[in-house]
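Going by the numbering used here, the first residue of the sequence shown is number 73, and it counts up by one from there.
No residue lacks a Cβ here, since even glycine has one placed at the ideal position from N, Cα and C.
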Amino acid sequence: MKHHRLPRWIAAVAMAACLSPGFVHAESIFLGIDTQGPVQQHTTAGVFVTNFGQTGATGSALDGAGSAWTVAPAFGNNKIQKYDAAQNVLNSFTANVGGQFIEDMAYGGKLAGVDTLWASTYEGTLWRIDANTGATISSFSPGLGQFLGVAYDGTDLWLTGGAFSGNTKISRYSDTGTFLGNIETGKTGAGGIGYSADTNTLWVGYFGPVSQYSLAGVELFSFVSGTAFHDGLEIGNLVSIPEPSAVVLMVIGLAGMALVRRRKV
């Protein structure tokens, strides 16, 4: 019986895929620093990676498919830029949001085939806007106070608010504005907030510290990044990366197809 070895190119691809740094499936945290510079990208261990996007930014948003948005806010003149993973600018537009000042953002998924962003403001209003033009789609005011922060888990919204009012809660709302409940963190001064799809947890920025919470409000981890107010926070994967096992299976499948074809020749 004749044995067929894998062609060398297939073996090489499999080995390269397994060793590639691209297989590191790790979320990043994007922190606003109170308009003092670009958004700062960190690992979930709190290690600074790089600055991202335009200067004077607060909030950011990721769609998980290679696009990111940051906002440099001004009252009624919030400049939003869209980037690819290499920080090339893909689009730039202004969001008026009723003359308000955007603090935090989150990707809102598609609505009628259009990409959307959730934008929360200093004035305490939450806006859903067109991610290509900045046009308002809807808005509501949850009554949580100033410096509203927003995260979106694909179904529900998670909001912080009242950074100077002693509020220690994270509030949960439907995407149509229905209140669904609070979780207690015991910490005041919350700003930006992000939802981690990888760990089903929430990350919240404060005046320097950044904390990770379970959906029950239990603090799981914390690190400090400077002393500025983290008025915007997003966590996620800038680009969706397949797991190593999935790519190895794909390579094996290609190898099998190559062997079958070889036998037929």
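- With contacts defined by Cβ atoms closer than 8 Å, V276 and T227 do not form a contacting pair.
- Ranking E195, A223, T116 by CA distance to the CA of L216 puts E195 first.
- Per the Cβ contact rule, the stretch 161 to 173 is in contact with the stretch 190 to 208 (3 or more Cβ pairs under 8 Å).
- Counted as a single uninterrupted DSSP element, the beta strand (DSSP E) harbouring D187 occupies residues 186 to 193.
- Separation of the CB atoms of E306 and L134 is rounded to 6 Å, and the pair is thereby assigned contact status at 8 Å.
- Assignment of beta-bridge partners to N239 by DSSP yields no partner.
- Judged by DSSP in its simplified three-state form, V121 adopts strand.
- Per DSSP, Y179 is one residue of the beta strand (DSSP E) stretching across 174 to 183.
- Across the set Y267, A98, V111, the C-alpha of V111 shows the shortest separation from the C-alpha of G304.
- The Cβ atoms of G264 and G131 lie closer than 8 Å to each other.
- In the DSSP annotation of this structure, the continuous segment of the beta strand (DSSP E) that includes V282 starts and ends at 279 to 285.
- Residue V119 holds the alpha-carbon nearest to the alpha-carbon of S294 among N254, L189, T127, V119.
- The beta-carbon distance between L287 and G138, rounded to whole angstroms, is 28 Å. This is too long to meet the 8 Å contact definition.
- Taking C-beta atoms as the reference points, A144 and K151 count as a pair closer than 8 Å.
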